[in-house]
Each structure stands twice: as structure tokens, then as C-alpha cells.
Amino acid sequence: MKALKKWLTGTVLALGLAGLMFAAATATQTVTMQIASISVLATTGNPATLAVSAPGTAGATPANPTSNSTYAQYTSTVAAGITRRLQANWGASDAAPAGCALQLTALPGSGQGTGAPQITMTATAQNIVTAIGSCATGTTATSGAQLTYVLAINSMTSLVAGDNHTVTITLTLTDN
Amino acid sequence: MIVSRQNFARRVGRVTVLFLTGAFILLNFAGAANITITGTWSRVIGSGDLTGGAGSNLTATYASATNQVLMGVTTTLTNWRVDIRRIDTNWHANFVLSIRRTGTGSGTGTVSGGTNYITITTTSQTFVTGSGNRSGIQLQEQLGGVSVSIPVNTYTTTIQYTVVDT
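These protein sequence lines map, in sequence, to chains A and B. So in the numbering used here, spot 91 of the first sequence is number 91, and the numbers just go up one at a time. So in the numbering used here, spot 1 of the second sequence is number 177, and the numbers just go up one at a time.
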């Protein structure tokens with residue numbers, strides 16, 4: 001009887017111990033995702049020809065020809081606290097027709113950066129959009145930062161009829 | 177007095193032997209389970225994942241290979257279940273990490289459930305159930321909620337698998 005009691009006592013204790021011994025087994029696995037830096041830029045095409053035409057009223061100065069039909073579209077991913085800027089310039093040998101200057105303004109959509117003041121095109125890159133963070137402008141025909149080109153007539157007396165200039169504008173999405 | 181001490185010592189010895197014997201027997205019957213996980217998943221999401229070039233957003237959802245992870249359970253238990261949860265190291269709140277079972281593996285046991293994606297949260301939840309030994313159970317993972325609004329960084333989380341006696 002005493003032996004039975006002892007065995008039962010041992011059994012009870014062992015059960016408790018066994019219960020403690022088997023809890024739950026675990027294994028782990030690591031998942032790593034990296035969002036890489038992305039800086040991709042395109043335009044929707046070339047602006048219309050900026051042609052100086054006759055004013056409506058004899059004796060008046062011709063209006064500055066304008067084109068706002070194109071957009072800069074970009075996708076940008078940046079680290080926290082980092083921004084980019086969109087800059088524009090033309091080639092060192094490019095120039096506007098005599099008596100004129102080529103001006104450019106960019107109007108980004110909400111969350112796509114901040115439009116900079118109008119620039120007069122030179123061979124040196126200038127900001128047209130600043131504070132571009134992580135964003136995607138969209139890809140439809142009217143998505144992105146609207147580009148407005150103006151051929152500003154600075155000197156009427158310098159205009160030369162038939163003076164055609166084709167220039168190449170380079171847009172660059174660059175880190176600050 | 178000396179005799180009493182000897183008797184006491186003998187009694188303690190007998191109880192100890194009985195206890196250890198019982199524990200040995202019962203531990204063998206009580207059973208134990210082990211779970212093994214083979215494989216990790218990493219993915220770099222970059223410009224090649226844009227849905228349509230410049231101006232477009234990133235593809236929102238990415239899936240691993242169907243056999244990205246292999247799970248095995250060895251046990252002396254009759255029935256078991258595997259619970260999963262996420263332990264974040266550096267994880268973005270927009271991410272939605274899911275998992276599903278894409279194979280049954282092999283072995284004398286069985287596995288069932290988990291064939292539809294379930295979202296892995298930081299709270300433990302049942303993933304699959306089974307019985308006996310099963311190895312090479314194929315798992316596939318999926319990451320959703322990706323967009324350009326997520327800052328450039330490397331994000332890491334740990335999936336914890338726990339086998340539980342049922």
C-alpha cells in the first residue's frame with residue numbers, strides 16, 4: 001500500500017514535470033523587403049512650335065508664343081527626409097532667336113513637388129520643381145508637372161523674320 | 177536516533193527512484209514535437225517593378241515562389257496545429273504579409289488547411305493543422321501594400337511558427 005502511494009506520488013509529480021517539459025516548439029523565418037531608390041523621368045512629347053506671329057492690331061507688339069501641352073512625368077522613391085529636384089537646361093550651342101528668350105515653368109500636381117519660379121533657359125541646369133519626395137505623377141497624357149514654354153520677345157527691333165531655332169531641352173531628376 | 181535517520185534516508189531514496197522511474201516512463205509517453213522551417217524570402221523592389229514606366233506606381237503585390245519555404249513537423253503527438261505570427265524588426269505599416277500552403281509534403285502524418293492566403297499579423301493565429309510526422313510542406317508568401325509612398329529602406333520581419341499539441 002505504501003509502495004503504491006509512493007508510486008502514485010511519483011506519477012503525479014512526473015505528470016506535472018512532463019506537462020512542463022512539453023510546451024510548444026517554435027521555428028522562425030526572416031522576410032526581408034528592400035524598397036530601392038527609384039528615379040525615373042519621361043516627358044509626354046515635344047511642345048508645339050513657338051512661332052511669333054502678327055499681332056491683331058497694327059502697331060502692337062506680337063504676343064509671346066506659348067506652349068503648355070507637355071508634361072514631365074516621374075516616379076521617385078527616396079529615403080525618409082530626402083528630396084529631389086527637377087532641373088532643366090539646354091545645350092551649350094543652343095540659343096533662342098535674336099531678340100527672344102525661352103522661358104519655362106513647371107506646375108507639378110499635388111504631392112509631386114513644388115513648382116519653382118519661371119526660369120530663362122540657359123546651358124546651366126536650373127530648378128523647375130523642388131522638394132520632390134516619393135511620388136508617382138501618373139502616366140496619362142495630362143499627368144505630371146505641366147511644362148509651360150514661353151518665347152518671350154525682349155527686343156522687337158532685334159527680331160529677324162525666318163529665324164528658326166530648334167533646341168534640345170534636357171530635364172534631369174536629381175538628388176538634393 | 178541513528179536508525180531513524182537511516183530509515184529516513186532509505187525512504188527518501190526509494191521515493192526518488194520511484195519518482196524518476198515514473199517521470200522517465202511518462203516523459204516517453206507524454207510526447208514532444210519539433211518544427212523545422214527551411215528557406216527565407218527577400219525581395220528588392222525597384223524601377224523594374226513599376227507598372228508602366230516613368231510616372232507609374234510600383235506593383236502593389238509580390239509573391240514568393242510556391243516552394244519558398246518548407247515546413248516539417250516531427251512529433252509523437254497525435255494531432256497538432258501550427259500557429260504563426262509576425263515579429264517585426266523594421267516593418268512598414270502599409271505592408272500586408274500573407275502566407276499559404278501550396279503542398280502537402282510527405283510523411284506518415286497528415287496536414288490540412290492553410291491553402292488560402294492568410295494575413296500574418298503580430299497576433300498568433302492558426303495556420304494549418306495536422307497529425308503525426310510531416311516534412312517538406314511547401315509554403316508560399318505574398319507581400320501586398322507596396323507603393324512609392326513607402327520610403328526607401330530595408331524592411332525586415334520574422335515569421336514565428338509554433339507547433340501546438342491539440
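A virtual CB, placed ideally from N, CA and C, is assigned to each residue, including glycine. In this text, all values refer to a predicted model and were calculated from it rather than measured experimentally.
Limits of the beta strand (DSSP E) - the one that residue i falls within
i	result
S288(B)	286-288
Q118(A)	That residue, Q118(A), is in no beta strand (DSSP E); it is neither H nor E in DSSP.
Y71(A)	66-77
S39(A)	38-43
N329(B)	329-341
I296(B)	Counting along the chain, I296(B) falls outside any beta strand (DSSP E), and DSSP gives it neither H nor E.
D163(A)	That residue, D163(A), is in no beta strand (DSSP E); it is neither H nor E in DSSP.
L104(A)	100-107
A131(A)	126-132
V52(A)	Here V52(A) belongs to no beta strand (DSSP E), and DSSP marks it neither H nor E.
T32(A)	25-35
S311(B)	310-320
S274(B)	272-277
V324(B)	Segment: none, V324(B) is in no beta strand (DSSP E) and carries neither H nor E.
I82(A)	Run containing I82(A): none; DSSP gives neither H nor E here.
A145(A)	145-153
Local Cβ density within 10 Å of residue i, reported as buried at 16 or more and exposed below that
i	result
A25(A)	buried
I263(B)	exposed
G81(A)	exposed
N89(A)	buried
T227(B)	exposed
S240(B)	buried
S232(B)	buried
A116(A)	buried
G162(A)	exposed
T168(A)	exposed
A96(A)	buried
A141(A)	exposed
V258(B)	buried
P108(A)	buried
T333(B)	buried
T174(A)	exposed
Q112(A)	buried
T61(A)	exposed
Q301(B)	exposed
G59(A)	exposed
P55(A)	exposed
Listed by chain order, chain B residues near residue i by CB distance under 8 Å
i	result
Q146(A)	The contacting residues do not exist; Q146(A) stays about 13 Å from chain B at best.
A25(A)	A208, A209, N210, I211, T338, V339
T139(A)	G228, G229, A230, G231, S232
Partners in chain A for residue i, counting only beta-carbon separations shorter than 8 Å
i	result
V324(B)	I38, T75, S76, T77, S134, C135, A136
G215(B)	Q29
8 Å Cβ cutoff met for residue i and residue j
i	j	result
I132(A)	T70(A)	no
W267(B)	Y331(B)	yes
T295(B)	V322(B)	no
W256(B)	V339(B)	yes
A289(B)	T265(B)	Looking at the sequence provided, one finds Gly at residue 289(B) rather than Ala. Cβ atoms of G289(B) and T265(B): not closer than 8 Å.
S134(A)	T77(A)	yes
T120(A)	A92(A)	no
T75(A)	V324(B)	yes
A145(A)	A230(B)	no
A106(A)	A72(A)	yes
D341(B)	L234(B)	no
T251(B)	N309(B)	yes
M33(A)	L246(B)	no
N270(B)	Q314(B)	no
I38(A)	Q87(A)	no
L104(A)	T170(A)	no
I326(B)	I35(A)	yes
T30(A)	T286(B)	no
T124(A)	R85(A)	no
A98(A)	L50(A)	no
G248(B)	T284(B)	no
G281(B)	S311(B)	yes
Per-residue contacts from residue i into chain E (C-beta, under 9 Å)
i	result
T332(B)	Note that chain E does not occur in the displayed structure, where the protein chains are A and B.
Chain-ordered chain A contacts of residue i [CB-CB under 9 Å]
i	result
S218(B)	T30, V31, T32, M33, Q34
V328(B)	Q34, I35, A36, S37, I38, T77, V78, A79, A80, I82, S134
Under 7 Å from the C-beta of residue i: neighbouring residues of chain A
i	result
L246(B)	Under the 7 Å cutoff, chain A gives no residues; its nearest Cβ is about 10 Å from L246(B).
S223(B)	I38, V40
I335(B)	T28, Q29, V31
Cross-chain neighbours of residue i in chain B, by beta carbon under 9 Å
i	result
L41(A)	A230, G231
S143(A)	G231
Check: What beta strand (DSSP E) runs, 3 residues minimum, are completely inside the region 210-254 of chain B?
Finding: Those beta strand (DSSP E) runs which fall completely within the region 210-254 of chain B and span 3+ residues are 217-221, 245-251.
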